[in-house]
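Enquirer:
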Amino acid sequence: MSALLEVADLRVEVRGQRIVDGVDLTLERGEALGLAGESGCGKTTTALALMKLLPGGLTQSGAITLRPPGAEEPINVGRRTEAGMQLVRWRHISLVFQGAMNSLDPVKRVEPQISEAIHLHEAKLRPRDVRERVADLLKTVGLTPALGSRYPHQLSGGQRQRVMIALALACNPSLVIADEPTTALDVVMQAQVLKLLERLREDLGLALILISHDLGVLAETCDRIAVMYAGRIVETGPVRSVFDDPQHPYTKRLLDSLPVIGGARGVAVPIPGAPPDPGNPPEGCSFRPRCPYEAERCLAGPELREVRPGQAAACHFAPWSEWPEPGAVPAEREALP
Amino acid sequence: MSEALLEVENLAVEFRSGRNRARALDGVSLDWRPGEILGVVGESGCGKSTLARAMLGLLPLARGEVALGGRAVEGKDDIAGLRRRVQMIFQDPYQTLNPRQRVGAIVAEPLRVQGAGAGEAGESVRRALGEVGLEPERYLDRYPHQLSGGQRQRVAIAAALVLEPDGLICDEPVSMLDASVRAQILSVLVELQRRRGLALMFITHDLSLAWSLCDRLAVMYLGRVVERGSAVDVIERPQHPYTRALVDAVPVPAAGGGGEREPLAGELPDATAIPSGCRFHPRCPRRFEPCDSVDPPLLAAGGEGQLAACLLHDPVAGAEHTVDG
Amino acid sequence: MSGSAITVSAVDATGEAGERSVRELMLGTWRGRFGVGVLGLFCFLAVFGSLVAPDDPFASSLDVMAPPSAEHLLGTTEQGSDVFSQLLVGARVSIVVGFAAALISALLGSAVGLASGYFGGWTDRILDALENWFLVIPTLPLMIVLARLLDPSLTVLIVVIGLTSWAGTGRIVRAQVLTLRERAFVERARALGASDTYIIRTHILPNTAPLIFANTVLIVAVAILSEAALSFLGLGDPTRISWGTMLENAFESGAPSAEAWWYVIPPGLCITMLVLAVALIGFLFEEHINPRLRDQR
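Respectively, the protein sequence lines represent chains A, B and C.
Residue numbering for the first sequence is 108 to 444, as defined by this note's numbering.
Residue numbering for the second sequence is 5 to 329, as defined by this note's numbering.
Residue numbering for the third sequence is 16 to 312, as defined by this note's numbering.
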């Protein structure tokens, strides 16, 4: 069965600066892919590019192909015009925006905001059916339908987030992109929302692209994970493999720098420096200036390649079976092709 | 027992809007020992930030007392003295610095406000900047908008250090910073504690952070401390159902992710409508008969020095029950 | 950068237009060059107008309402005075009144806005009511009434215009001060025990100044127009020549029906150009400070 979503060589540029620098992704039906990385790495831009929602001034290129169940032909997002995209957005692929809680129209009640989305794609539905759909959606996300008649400011943060998820589900898409859906929420509310997303995936067979800087959140919800750094994917693979056996120095250092309950106490050794300026990317590997193992061959860009079954990393010295002291790179690695 | 650096007893702070009275702090007692890293955790709205401000005399107290080094703090002079010995850094590095002041002026401000001249201030400023890892020559003349989030937070720390305080209250110091920068800032703070014997109070909703750094921990819920003790004890063997739920809810960046249990239902109630009896009882998975009418005080439970405000630990009422159930 | 808005990562890479420096905006854009150029020219005339003018603008002659000629570049008035000279000299009144009135308005508005925003409570309520009063009253009729009651002179004009236009600035300043008051760096200063004076001087004012400045520049434009209007209605200083009084005289003496375009159009054109120039400069300033105001990165 062919993949639900295939992305090849996605690039986004603005004024000559590369924000997304050649991203390849595949997503199967019902699969949850986590997109990890710090702010500025391009993950939000990637999400927007998938729906061709980039703000003006940014140009995107690359092949994006969507194969929703029930569609006769694959949808070539890359080549669609704006008018063509309007048929695709929300119907097949929808987005829960970052800071979603503030994305609701403050002067409209909840119910009309959801029914508006339904109406845009299924204009022929009777108003009564639409209302019923909205009530169902609210129930699906764990809210009482009565909340539909409230204004956004009358709901709590957690409730608003659920409304945004309901909104994303309004037209039964096969893929939902959630951009930092739990960042502004407390840990308990976060757990509730993640549980909800898990349930929705099970019940609706929903595919999910979850974007977060919080690796813990991704570990809990996703099947596979892609780690982004400076506009490129530096590592990808099943969640279990990437977290237990990272194959890129950035992933490793990132995991090490996170405090974990039950793990070692005390401050971890931080990663020195800061992510690169997109206007001035380093030569070759973008992590090179901060990498404890950088060597001369790192001046030529490492490609993302499979280094373990199902796991790929963009590092010349992968696969890593152990992590040597910073600065020490075993001699034999130099000889790797 | 050594004398506390800062101690509060039965602290209460109220906010009024119209007819509504929100009890943001409703009887908090806590002690912070010299040189220790104390953590205060809880969800937003639990009152932890209010506690910090109340401890510094920034908010009027409805009830209760603050004591610095054993002596009660009353009146403007005492408060001024308190603020010389305890400083605070805030959450948002993008809002915490005056965009029209240069770094040098920002860091010198506490000294200038206290009356120091420009000359004497200069030396202390340089030293403080050095301590947070910012080369004075490179950063003195910069404006905040030329700095990254991590650098701004370092400037804020430097500004807090110039008065050579004994304690530093950190209100979510890294929650708005990127993951890779967080460790940098935290190591600056911990290094200061090690080198200067500076006491730190971390106010955070991030339990993982509390686990990795804090000596002792206090868990707050709706204006009260519901559990207290050594950080390891409180997180590994929580004695209050709320703490239990918090720990369970933390996602772990390892395969499987942890959190198999069903998360806590509902949301934090409004501070204007605090539930009767034990304030946690409506959401508590372990509640039993007296919980809706009796407001439990902090009772001894678990490890040494560990206390939990839960009737499960009352020798009489909780005799038949255990926390794990 | 903490990702707080979708467009953050994208926009940060683009660089907002408003991040350009003042100099870049003023000299690098057509609007800026026009504005600075025209304003510069009229300021020059305000100072040196009487020296540059070919004739004494007050000198009358028998050559009444004459069309432009080699001798009188823009013809003559109903009294035979040289229109061109009057035009050059008239710049002074517009510039002086415009800037002086705007200055009064800015000082008054800032003081009131600052006091009411920072101190709140009763101060705020009283001052706010006062502000509302001034905002609601139609300015031109108010100006006319005040000017009528007092003896006409430049000073009166300046005071009247200043008094009627401060409320807008006051509002804006008050709003800005209210936000600033709650910012962490102000809270920190207060936690250090800083006095109100110190906080206002070091934290509030510097962060409000750009806003006041940009707003005031636009008030200059309004003031210039107001002066022209009042002079046109005969409430200006009769001993001085301004573009407004030129228009007044022109209309009074029937220049339009005499088709004396050289008398009617030039003053109006000058007013328009000056106001346009000032407005453009004001808008450019606003553009410059806007991203800084919105958030500090």
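Every residue, glycine too, gets a C-beta built ideally from N, C-alpha and C.
1) Out of 366(A), 173(A), 135(A), 145(A), state which residue places its alpha-carbon closest to the alpha-carbon of residue 195(A).
2) Within 10 angstroms of its Cβ, does residue 55(C) collect 16 or more other Cβ (buried), or is it exposed?
3) At a cut-off of 6 Å, is residue 303(A) close to the ligand GTP when judged by its beta-carbon and the heavy atoms of the ligand?
4) Ignore the nearest five residues each way along the sequence and tell me which others in residue 393(A)'s own chain have a CB closer than 7 Å to its CB.
5) At 8 Å on the CB atoms, spell out the chain C contacts of residue 99(B), in chain order.
6) Quick one, which residues of the segment 281-302 of chain C are near chain B if we go by CB-CB under 9 Å, in chain order?
7) Hey, quick one: how far does the alpha helix (DSSP H) through residue 223(A) stretch, first residue to last?
8) Chain B partners of residue 374(A), CB-CB under 8 Å?
9) Output, in sequence order along the chain, the residues in the segment 196-214 of chain B whose CB is closer than 9 Å to any CB in chain A.
10) Could you tell me how far apart the beta carbons of residue 250(C) and residue 163(C) are, in whole angstroms, since I believe they sit closer than 8 Å?
11) Is it true that the CB of residue 115(A) sits closer than 7 Å to the CB of residue 170(A)?
12) Does residue 306(B) come out as helix, strand or coil in the three-state DSSP assignment?
13) Across the segment 169-188 of chain B and the segment 81-92 of chain B, are there enough close Cβ pairs to call them in contact, namely three or more that are closer than 8 Å?
14) If you measure between the beta carbons of residue 300(B) and residue 282(B), is that distance less than 7 Å?
15) When you compare each of 111(B), 30(B), 154(B) to residue 145(B) by their alpha carbons, which one comes out closest?
16) So which residues of chain B does residue 136(C) contact, with C-beta pairs closer than 8 Å?
17) Given residue 222(B), which residues of its chain have a CB within under 8 Å of its CB, disregarding the five upstream and five downstream residues?
18) Would you report the Cα separation of residue 322(A) and residue 223(C), rounded to the nearest angstrom?
19) Determine the chain B residues that contact residue 248(C) at a beta-carbon separation under 9 Å, and present them in chain order.
20) Taking just the CA atoms, how far does residue 118(A) sit from residue 31(C)?
21) According to DSSP, is residue 180(B) helix, strand or coil?
22) In three-state DSSP terms, what is residue 18(C)?
23) Which residue's Cα is closest to the Cα of residue 501(A): 184(B), 125(B), 65(B)?
24) Please confirm whether residue 277(B) has its beta-carbon closer than 7 Å to some beta-carbon of chain A.
25) Using 8 Å as the cut-off, can you tell me whether the segment 147-159 of chain A makes contact with the segment 301-308 of chain A, which would need three or more C-beta pairs spanning the two stretches below that distance?
26) So, residue 70(B) versus residue 129(B), is the Cβ gap smaller than 7 Å?
27) List, in order along the chain, the chain B residues whose C-beta lies closer than 7 Å to that of residue 145(A)?
28) Entirely within the segment 217-254 of chain B and at least 4 residues each: give me those alpha helix (DSSP H) ranges in chain order.
29) Near residue 211(B), what residues of its chain come up, given a Cβ to Cβ distance below 7 Å and the 5 sequence neighbours on each side ignored?
30) For residue 183(A), which of helix, strand or coil comes out of DSSP?
31) Look at the alpha carbon of residue 287(A) and the alpha carbon of residue 314(B), and state the distance between them as a whole number of angstroms.
32) Can you check which of these residues, 214(A), 264(A), 330(A), 275(A), is closest to residue 347(A) by C-alpha distance?
33) Would you call the segment 125-141 of chain B and the segment 155-171 of chain B touching, i.e. three or more CB-CB distances under 8 Å?
34) Determine the burial state of residue 149(C): buried for a count of at least 16 other Cβ atoms within 10 Å of its Cβ, exposed for fewer.
35) Does residue 173(B) have its Cβ less than 7 Å from a Cβ in chain A?
36) For a cutoff of 7 Å on Cβ pairs, would you count residue 5(B) as touching chain C?
Expert: In this structure, then:
1) Here residue 195(A) is taken as the residue at index 88 of the first sequence, counted from 1. Considering only alpha carbons, the answer is 173(A).
2) Taking the first residue of the third sequence as 1, we reach residue 55(C) at position 40. Exposed, because fewer than 16 other Cβ atoms sit within 10 Å of the Cβ of residue 55(C).
3) Absence of the ligand GTP is noted for the structure shown, with no ligands found whatsoever.
4) Translated into positions along the first sequence, residue 393(A) becomes position 286. Result list for residue 393(A): 336, 337, 339, 383, in chain order.
5) Indexing the second sequence from 1 puts residue 99(B) at position 95. In chain order: 198, 199, 200, 311.
6) none
7) The sequence position of residue 223(A) within the first sequence is 116, counting from 1. Start and end: 217-228.
8) As a first step, residue 374(A) is located in the first sequence; it is residue number 267 there, counting from the start. Those are 187, 190, 191, 194, 216, 217, listed as they occur along chain B.
9) 209, 210, 211, 212, 213, 214
10) The residue you call residue 250(C) lines up with position 235 of the third sequence. The residue you call residue 163(C) lines up with position 148 of the third sequence. Sure, about 7 Å apart at Cβ, within 8 Å.
11) As a first step, residue 170(A) must be located in the first sequence, where it is residue number 63. As a first step, residue 115(A) must be located in the first sequence, where it is residue number 8. The answer is yes: Cβ separation under 7 Å.
12) As a first step, residue 306(B) must be located in the second sequence, where it is residue number 302. Residue 306(B): coil per DSSP, three-state reduction.
13) yes
14) In the second sequence, residue 300(B) corresponds to position 296, counting from 1. In the second sequence, residue 282(B) corresponds to position 278, counting from 1. Contact flag set, yes.
15) Locating residue 145(B) in the second sequence gives position 141, where the first residue counts as 1. That would be 111(B), whose Cα lies nearest to the Cα of residue 145(B).
16) As a working mapping, residue 136(C) is identified with position 121 in the third sequence. Ordered by position in chain B, no residue passes the 8 Å Cβ test against residue 136(C), which lies about 15 Å from the chain.
17) Residue 222(B) sits at position 218 when you count from the first residue of the second sequence. So the list reads 34, 42, 43, 44, 45, 229, 231, 232, once near-sequence residues are dropped.
18) Counted from its first residue, the first sequence places residue 322(A) at position 215. Counted from its first residue, the third sequence places residue 223(C) at position 208. Going by the C-alpha atoms only, they are around 41 Å apart.
19) Counting from one through the third sequence, the residue named residue 248(C) turns up at place 233. Residues of chain B passing the Cβ test: none, with the nearest at roughly 43 Å.
20) Walking along the third sequence from the start, residue 31(C) turns up at place 16. Walking along the first sequence from the start, residue 118(A) turns up at place 11. Because the pLDDT of residue 31(C) is 35, which lies under 50, any placement of that residue in the model is unreliable, and the number read from its coordinates should be weighed accordingly. Straight-line Cα distance between these residues: approximately 22 Å.
21) Here residue 180(B) refers to the residue found at position 176 of the second sequence. Residue state, collapsed to three classes: coil.
22) Taking the first residue of the third sequence as 1, we reach residue 18(C) at position 3. Because the pLDDT of residue 18(C) is 31, which lies under 50, any placement of that residue in the model is unreliable, and the number read from its coordinates should be weighed accordingly. If DSSP states are grouped into helix, strand and coil, residue 18(C) belongs with coil.
23) Only positions 108 to 444 of chain A appear in this structure, which leaves residue 501(A) out of reach.
24) For the purposes of this step, residue 277(B) is identified with residue 273 of the second sequence, where counting begins at 1. It does not; no Cβ of chain A falls within 7 Å.
25) no
26) Indexing the second sequence from 1 puts residue 70(B) at position 66. Indexing the second sequence from 1 puts residue 129(B) at position 125. No; because the gap between Cβ atoms is not below 7 Å, this pair is not in contact.
27) The residue you call residue 145(A) lines up with position 38 of the first sequence. Here the neighbours are 182, 183, 184.
28) 235-240, 245-253
29) On the second sequence, position 207 is the one that residue 211(B) refers to. Excluding positions up to five away in sequence, the list reads 45, 239, 250, 251, 254.
30) If you number the first sequence from 1, residue 183(A) lands on position 76. DSSP places residue 183(A) in strand when its eight states are reduced to three.
31) Looking up residue 287(A) in the first sequence gives position 180. Looking up residue 314(B) in the second sequence gives position 310. When rounded, the distance between both Cα atoms is 35 Å.
32) Start at 1 with the first residue of the first sequence, and residue 347(A) comes out as number 240. Ranking 214(A), 264(A), 330(A), 275(A) by Cα distance to residue 347(A) puts 330(A) first.
33) yes
34) As a working note, residue 149(C) is residue 134 in the third sequence. With 16 or more other Cβ atoms within 10 Å, it is buried.
35) Translated into the one-based positions of the second sequence, residue 173(B) becomes position 169. Chain A contact via Cβ: absent.
36) As a working mapping, residue 5(B) is identified with position 1 in the second sequence. Its pLDDT being 43, under 50, residue 5(B) is placed unreliably in this model, and the value from its coordinates should be taken loosely. Taking Cβ atoms only, chain C never reaches closer than 7 Å to residue 5(B), which makes this a no.
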